[in-house]
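Worksheet: one structure, shown below.
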Amino acid sequence: MPAFSKRAGIDERKEMMRLVIDSVTVDKSRAQGRIWFAILWQTGARTEHVIIRNTANYDDLAHFARIEEMVRTLNAVGSLDRQIADALTAEGIMRRSAL
(Lines of atoms letter the chains of each structure in order from A and count residues from 1; the text may use other names and numbers.)
(Lines give C-alpha, C1' and ligand atoms only; values in the text may rest on other atoms or scores of the structure.)
Protein backbone atom coordinates (compact mmCIF):
# COMPACT_ATOMS: atom_id res chain seq x y z
CA MET A 1 0.00 0.00 0.00
CA PRO A 2 2.72 2.59 0.84
CA ALA A 3 4.44 1.99 -2.53
CA PHE A 4 1.15 2.46 -4.38
CA SER A 5 0.37 5.58 -2.39
CA LYS A 6 3.72 7.12 -3.38
CA ARG A 7 3.05 6.46 -7.08
CA ALA A 8 -0.56 7.63 -6.95
CA GLY A 9 -1.47 11.13 -8.05
CA ILE A 10 -3.31 13.59 -5.80
CA ASP A 11 -6.72 12.66 -7.22
CA GLU A 12 -6.06 8.96 -6.67
CA ARG A 13 -4.92 9.58 -3.09
CA LYS A 14 -8.06 11.63 -2.40
CA GLU A 15 -10.20 8.82 -3.75
CA MET A 16 -8.38 6.29 -1.54
CA MET A 17 -9.07 8.49 1.50
CA ARG A 18 -12.75 8.72 0.57
CA LEU A 19 -12.90 4.92 0.62
CA VAL A 20 -11.79 4.72 4.26
CA ILE A 21 -13.09 7.98 5.78
CA ASP A 22 -16.80 8.61 6.29
CA SER A 23 -16.56 12.17 7.67
CA VAL A 24 -14.28 14.67 9.40
CA THR A 25 -15.33 17.22 12.03
CA VAL A 26 -13.06 20.21 12.66
CA ASP A 27 -13.22 22.68 15.56
CA LYS A 28 -10.64 25.46 15.85
CA SER A 29 -12.29 27.10 18.86
CA ARG A 30 -11.84 24.35 21.49
CA ALA A 31 -8.36 25.41 22.57
CA GLN A 32 -6.27 28.48 21.89
CA GLY A 33 -3.79 27.94 19.05
CA ARG A 34 -4.91 24.38 18.41
CA ILE A 35 -7.17 22.68 15.91
CA TRP A 36 -9.19 19.69 17.09
CA PHE A 37 -10.58 17.24 14.57
CA ALA A 38 -12.33 13.91 14.65
CA ILE A 39 -12.34 11.31 11.89
CA LEU A 40 -15.27 8.95 11.52
CA TRP A 41 -13.92 5.96 9.63
CA GLN A 42 -16.02 3.80 7.28
CA THR A 43 -15.69 0.98 9.83
CA GLY A 44 -17.55 3.07 12.41
CA ALA A 45 -14.43 3.74 14.48
CA ARG A 46 -13.76 7.32 15.50
CA THR A 47 -10.40 8.95 16.26
CA GLU A 48 -9.74 12.41 17.68
CA HIS A 49 -6.65 14.51 17.02
CA VAL A 50 -5.23 17.90 18.02
CA ILE A 51 -2.63 19.86 16.10
CA ILE A 52 -0.97 23.17 16.90
CA ARG A 53 -1.78 25.70 14.21
CA ASN A 54 0.39 28.44 12.80
CA THR A 55 -0.87 31.93 13.45
CA ALA A 56 0.25 35.51 12.87
CA ASN A 57 -1.48 36.75 16.04
CA TYR A 58 0.34 36.25 19.35
CA ASP A 59 -2.98 36.01 21.24
CA ASP A 60 -3.86 32.91 19.20
CA LEU A 61 -0.62 31.05 19.93
CA ALA A 62 -1.04 27.83 21.87
CA HIS A 63 1.91 28.70 24.12
CA PHE A 64 1.21 32.43 24.51
CA ALA A 65 1.06 32.41 28.32
CA ARG A 66 4.38 30.52 28.55
CA ILE A 67 6.02 32.86 26.00
CA GLU A 68 4.83 35.95 27.86
CA GLU A 69 6.05 34.57 31.20
CA MET A 70 9.50 33.73 29.83
CA VAL A 71 9.92 37.06 28.04
CA ARG A 72 8.92 39.04 31.13
CA THR A 73 11.20 36.99 33.39
CA LEU A 74 14.21 37.19 31.06
CA ASN A 75 13.63 40.89 30.40
CA ALA A 76 13.51 41.58 34.14
CA VAL A 77 17.01 40.14 34.56
CA GLY A 78 18.36 42.19 31.63
CA SER A 79 18.46 39.55 28.90
CA LEU A 80 18.93 40.86 25.37
CA ASP A 81 16.50 40.07 22.52
CA ARG A 82 18.85 37.43 21.07
CA GLN A 83 19.17 35.73 24.48
CA ILE A 84 15.39 35.69 24.89
CA ALA A 85 14.96 34.27 21.39
CA ASP A 86 17.58 31.61 22.11
CA ALA A 87 15.81 30.67 25.36
CA LEU A 88 12.44 30.35 23.59
CA THR A 89 14.05 28.26 20.86
CA ALA A 90 15.78 26.02 23.40
CA GLU A 91 12.42 25.40 25.10
CA GLY A 92 10.97 24.38 21.73
CA ILE A 93 8.38 27.15 21.93
CA MET A 94 9.60 29.19 18.98
CA ARG A 95 11.61 28.41 15.88
CA ARG A 96 14.79 30.28 15.10
CA SER A 97 14.26 33.25 12.80
CA ALA A 98 16.20 36.32 11.84
CA LEU A 99 16.02 39.09 14.45
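Under my numbering, read the sequence shown as residues 9 to 107, first letter to last.
Glycine included, each C-beta is placed from N, C-alpha and C at the ideal position.
Boundaries of the beta strand (DSSP E) around leucine 48: 42-49. DSSP, read as helix, strand or coil, puts arginine 61 in coil. Among the bridge pairs identified by DSSP, aspartate 89 is matched with none. Out of Leu82, Ala73 and Leu27, the CA that lies nearest to the CA of threonine 51 is found in Leu27. Nearest in C-alpha terms to alanine 98, of all of Val85, Met78 and Asn83, is Met78. In the DSSP assignment, isoleucine 29 falls within the beta strand (DSSP E) that extends over 29-35. Annotation for isoleucine 101: no alpha helix (DSSP H) segment contains it, and DSSP assigns it neither H nor E.
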